Amino acid sequence: ADDEIQIDSTEGLNFFLAEWKTRHETAVPRLLLRAHLRITIYACIQLPKTDKAGTCDAYVKAVVGTQFAASDVKFRSLNPSWGVQQGGGRGSTGQTLLIDCRNAKD
12 ADDEIQIDST EGLNFFLAEW KTRHETAVPR LLLRAHLRIT IYACIQLPKT DKAGTCDAYV
72 KAVVGTQFAA SDVKFRSLNP SWGVQQGGGR GSTGQTLLID CRNAKD
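Residues in the sequence shown are numbered from 12 upward in steps of one, following this note's numbering.
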């Protein structure tokens, strides 16, 4: 639409708001913000024992709206480490980021 403006940075948003205030006497219009989210998964610690061997097959799942990213499963560990594993997605303002560390068999 003609009334849509793409802003790609905090500086761009600050510039837009400052310009709006100098040119208009009305309140700043409602903004719908979209962002690219990058998640870095490092490790989980002290997970509960979920199998007969006293370990856990862990993975991490992050959910924003209807999109999600999941890590690889780390088998037989109560303190799994992924090093650096990244996932990303797009969401909009008002959505909640949920991060959950789970047992692979659940």
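Where is the CB? At the ideal position from N, CA and C, for every residue including glycine. Just so you know, these numbers come straight off a predicted model, no measurement behind them.
Residues near residue i in its chain [Cβ-Cβ closer than 8 Å; skip 5 each side]
{"i": "N90", "result": "A54, C55, I56, Q57, L58"}
{"i": "K116", "result": "T61, D62, D68"}
Neighbour-count burial assignment, residue i, 16 or more Cβ in a 10 Å radius
{"i": "A64", "result": "exposed"}
{"i": "K85", "result": "buried"}
{"i": "S20", "result": "exposed"}
{"i": "A38", "result": "exposed"}
{"i": "A29", "result": "exposed"}
Neighbour flag for residue i against chain D, beta carbons, 9 Å
{"i": "L28", "result": "The chain labelled as chain D is not found in the depicted structure, where only one protein chain is given."}
Contacting residues, own chain, Cβ-Cβ under 6 Å from residue i (five flanking each side not counted)
{"i": "T61", "result": "C67, N114"}
{"i": "W93", "result": "I52, S82"}
Contact set for residue i: own chain, Cβ-Cβ below 7 Å, skip 5 residues either direction
{"i": "G23", "result": "none"}
{"i": "S88", "result": "T66, C67, A69"}
Which residues DSSP lists as bridging residue i, in chain order
{"i": "S88", "result": "S88 pairs with nothing; no bridge assigned."}
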